[in-house]
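A.B. asks:
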Amino acid sequence: MMRHLQKYSPILPVLLAYGVLLGIGLAYPGKWQLIAQLAFYCALGQAFNLFMGMTGYVDFGYVAFLGVGTYGMAVSIYFLYDKGLGIGLIFIGLALAAVFSTGLSLAVGAVALRLRGAYFAIATIGVNEGFRYFVEGARIWNGADGMIFSRHLRKAVGRETAMTLSTQWADILVFGVAVLAAILTLVYMRNKVGYALTALREDEDAAKVMGINVTKFKIIAFITSAVLAGLLGASAWALKLTYVYPEDVFEIHYTVEAIIIVLLGGAGTLLGPIVGALIYGASKYFLAIVLPGFQLLIFAPIIIVIIVLFPEGTVGILKKKIRGTALEKFII
Amino acid sequence: MKNNNVIILLMVFLMMAIFNAQSVFAAKLEKVIIGHPAALSGKYAKAGEQAVAGIQAAVDWVNSVHGGIAVDGKKVPLDYKYYDCESRKESVTSLLERLITSDKVHFTFAPYSSGLTLAGAPIAEKYGMVYMDHGGASDKIFRQGFEYVVQTIGPGSRYHAGTLEMIKKIDPTTNPHPKKIALAYEDSEFARSVMDGAEEKAKELGFDIVFKRTYPKGVTDLTPLLSDLKAAAPDVVIGGGHFQDGQLLNKQMADLGINTRLLSLIAAATLPAFGEALGEFAEGVMGPSHWEYGVTFSKEGAAKEGLTWIGPSQDEYVKLFKKAVGSDTLPDYHAAEASAAVLALVLAVEKVNSVDPDVVRDALGELKFMSFYGNWDIDKTGKQVGHAMVDVQWQKGERKIVWPESAKTADVVYPKPDFK
């Protein structure tokens, strides 16, 4: 039993990191939004890493899952606010977010997961833009007008509760998504799914020959990653900001951010996305304060240099350094 | 013994805390600070830069010409603190909170665009901070029940109010025969809110809407839509969305020989590039704008309307703006509306002699004034209702301001000349 649990010990540093972050946020209420922003990047990286890190496939349409998740929560609050469901709206919203993102990931996966490497990446670039134009053109969920549902949320749960939901609970939910993503990543890593995915990442043909049903495992990782993104969108974008415009959520920039975070931290590692997110989020925040308007000029070259010099990411290097020490068990 | 020490220590801390708190309360206000999570990079960078320079120009005027803000019987300087939110919603919330909690600003400004304004609104509401919306035109912001959001940009629904009133006033044939109006807009949130507003206003004034349709973003051919529009034989066509589609609409109307008494296009027709691209096809075409360089709002005009006047004259403003931006760029409406928001704050603070957000918010609700930007007045939700759009018309290859009468630089050419 002990032995069985021991293989999950790498979750401890992850929980510690999120615990410390959350603790800082609660101790300094004036810094809560900064902590929330960092948590968002952590969750984004962690969820993205679950598919990209484990399979080596880069999904450029990833933000579309966050987008449909945002719509899941938005639809729940916007259309059901007067049904007397109270706080239940949030749970319906999360459920819808999961359903929408599963649906979209099945549709995308069915087509794109048949492709490999660069072809997969190219096929997914279109998903995000395509879905956005679909929402706008077909006027689904108000089309380009978007949905603004601050009023609806307030009517459903009352002014004070609505405010706490937007400015605090939404962020705690983001922490929840980040932890859930980390746990799922570790569980997959320590199970058949992870072994199969590692095999397919190293050599997909060889894995196939060995009798691994690569498509099945790819789809499992793809859907898990997509649902996590959906939940993240529902909490960090819909519940927190109480509005959604298609052009604001289906924005490819967020996919790029996810890739950067994962590469900075180390693709395929458990702790990597957290480290990457903290480096990325914190430096972005402080540069925006010190040099407003010029931060990207400095930030972009730094990121390029780091990624070129350390392709394995921060945690990748760390793993090498601690090989053979007692820490090895905890940092993967 | 040990316990006693702890108690003494605690008492010392308590006294220090009380002392500190007192000194904070007793501290005289040294300056009034405005905080702004500006959009200096990312997709709204252009408008964001204008807004920041606009605010800097207004702050410069307040400090150097106005002598600071009069609070508590003395004039204190106005300070402006801004960060770059990169046009990103996550950064808006964290930077706005930093401005409020770490930098202890007294008033906050929203970033450019309706979306980013909405992103920051829950934070401003949470901390009970006045939140000046200078670039979010959506009417829906003000249907959400936010208490601290105050708009300076005119809401989208009022873009064509002035144009329609102008037709009613100057077209003698309107009375017996109500004019037929066609609406042809881009399918976007902004254009839709403009179209809905125009439709409502047109009905209120007794016009007939004979055609109403949207076209998708990035449209490359409007001939089918325009053929239907031609069949409806409208007297007035209003529409547009962005530069490209507005230009296309105008050009294809000329190609199809659709002549009307008035053609008004949002966004496109007010840009200098429009006239260059269309040449004589642009002759007589109009467009509503929040503000244009050349408007003639003045102290005398304000006195005539019985309104308070504050701020620089237009020429002084342009000078201050160029100084702030550090180049020969002219301010556009993004800058002007941000500047006007600063002036509104100054008037409100001076009126109530306080920087308490609730008191100032109430004062803003009562406030009515005129500046180089035009009139300013909000309704009880915080929505701007006083500011009228100016109408620009292309006349012999130049942009002229033709409406309202208090701002015009030329008489309107109406009906517009036919396409050759």
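Quick mapping for you: the protein sequence lines, in order, are chains F and C.
If you're matching positions, the first sequence starts at 1 in the working numbering and goes up one per residue.
If you're matching positions, the second sequence starts at 1001 in the working numbering and goes up one per residue.
We put the CB at the ideal spot given by N, CA and C, even for glycine.
Since the structure is predicted, the reported quantities are computational estimates derived from the model, not experimental observations.
1) If we ignore side chains and look at the alpha-carbon of each, how far apart do residue 1087 of chain C and residue 165 of chain F end up?
2) Please tell me whether residue 233 of chain F has its Cβ less than 8 Å away from any Cβ of chain C.
3) Report the three-state DSSP secondary structure of residue 1399 of chain C (helix, strand or coil).
4) Does the beta carbon of residue 1038 of chain C sit closer than 8 Å to a beta carbon anywhere in chain F?
5) Check for me: the beta strand (DSSP E) holding residue 105 of chain F runs from which residue to which?
6) Out of F:293, F:327, F:52, F:331, point me to the one whose CA is closest to residue 222 of chain F's CA.
7) Which full runs of the beta strand (DSSP E) of 3+ residues lie inside the stretch 1239–1265 of chain C, going along the chain?
8) Just confirm the distance between the C-beta atoms of residue 228 of chain F and residue 47 of chain F, as a whole number of angstroms; I'd bet it's less than 8 Å.
9) Going along the chain, which residues of the stretch 279–290 of chain F sit with their C-beta nearer than 7 Å to a C-beta in chain C?
10) How would you list, in chain order, the residues of chain C whose beta-carbon sits under 9 Å from the beta-carbon of residue 73 of chain F?
11) Which of the three DSSP states is assigned to residue 1290 of chain C in this structure?
12) Could you tell me the alpha carbon to alpha carbon distance between residue 152 of chain F and residue 1144 of chain C, rounded to whole angstroms?
13) With three or more C-beta pairs closer than 8 Å as the rule, is the stretch 1309–1321 of chain C touching the stretch 1366–1378 of chain C?
14) Using a Cβ-Cβ cut-off of 7 Å (strictly less than) and excluding sequence neighbours within five positions of residue 1289 of chain C, which residues of its own chain qualify?
15) Compare the Cα-Cα distances from residue 148 of chain F to each of F:140, F:241, F:126 and report the closest residue.
16) Looking at the C-beta of residue 1094 of chain C, does it have a partner C-beta in chain F at a distance below 8 Å?
17) In three-state DSSP terms, what is residue 65 of chain F?
18) Tell me the residue span of the beta strand (DSSP E) that contains residue 1151 of chain C.
19) Just to make sure I have the definition right: I need the residues of chain F whose C-beta is within less than 8 Å of the C-beta of residue 1327 of chain C. Which are they?
20) Does residue 40 of chain F come within less than 8 Å of chain C when only Cβ atoms are used?
21) I need the straight-line Cα distance from residue 1472 of chain C to residue 1419 of chain C, nearest angstrom please.
22) For residue 75 of chain F, I'd like the list of residues in its chain whose CB is within less than 7 Å of its CB, leaving aside the five on either flank, ordered along the chain.
23) Grouping DSSP H, G and I as helix and E and B as strand, with all else coil, what is residue 1179 of chain C?
24) Would you kindly work out how many angstroms separate the C-alpha atoms of residue 208 of chain F and residue 1043 of chain C, rounded to a whole number?
25) So, at 7 Å on beta carbons, what are the nonlocal neighbours of residue 1076 of chain C in its own chain, with the 5 sequence-adjacent residues on each side left out?
26) With 8 Å as the threshold, decide whether the Cβ of residue 1022 of chain C is near any Cβ in chain F.
27) Strictly under 8 Å for the Cβ-Cβ distance: is residue 248 of chain F near chain C by that measure?
28) With a threshold of 6 Å on Cβ separation, who are the neighbours of residue 36 of chain F within its own chain once the five nearest residues in sequence on each side are excluded?
29) For residue 1053 of chain C, tell me which candidate among C:1417, C:1331, C:1379 has the shortest Cα-Cα distance.
30) Which residues in chain F have a C-beta closer than 8 Å to the C-beta of residue 1192 of chain C? List them in chain order.
31) Take residue 1124 of chain C as the anchor and find which of C:1154, C:1150, C:1243, C:1346 has the nearest alpha-carbon.
32) Taking the alpha-carbon positions, what's the residue 1071 of chain C to residue 244 of chain F distance?
33) Is there a C-beta anywhere in chain C that falls below 8 Å from the one on residue 293 of chain F?
34) So with CB distances below 8 Å, who are the chain F contacts of residue 1300 of chain C?
35) Among C:1244, C:1249, C:1203, whose alpha-carbon lies nearest the alpha-carbon of residue 1224 of chain C?
36) With H, G and I counted as helix, E and B as strand and the rest as coil, what does DSSP make of residue 1063 of chain C?
C.D. replies: Looking at the atomic coordinates:
1) 24 Å
2) no
3) strand
4) yes
5) Here residue 105 of chain F belongs to no beta strand (DSSP E); instead the alpha helix (DSSP H) covers 88–112.
6) F:52
7) none
8) 4 Å
9) 285, 288, 289
10) Neighbours of residue 73 of chain F on chain C: none; closest Cβ ~15 Å, over 9 Å.
11) coil
12) 8 Å
13) yes
14) 1270, 1333, 1389, 1390, 1392
15) F:241
16) yes
17) helix
18) 1149–1151
19) Going along chain F, no residue has its Cβ under 8 Å from residue 1327 of chain C, so there is no contact; the nearest lies around 14 Å.
20) yes
21) Because chain C in this structure spans residues 1001 to 1420, residue 1472 of chain C falls outside the shown range and cannot be described.
22) 96, 141
23) coil
24) 45 Å
25) 1029, 1030, 1031, 1032, 1068, 1069
26) For residue 1022 of chain C, the predicted model reports a pLDDT of 42, less than 50, meaning its position is unreliable and no value from the coordinates is stated.
27) yes
28) 171
29) C:1331
30) 144, 145
31) C:1150
32) 40 Å
33) yes
34) Those do not exist, as residue 1300 of chain C stays about 38 Å from chain F at its closest Cβ, beyond 8 Å.
35) C:1249
36) helix
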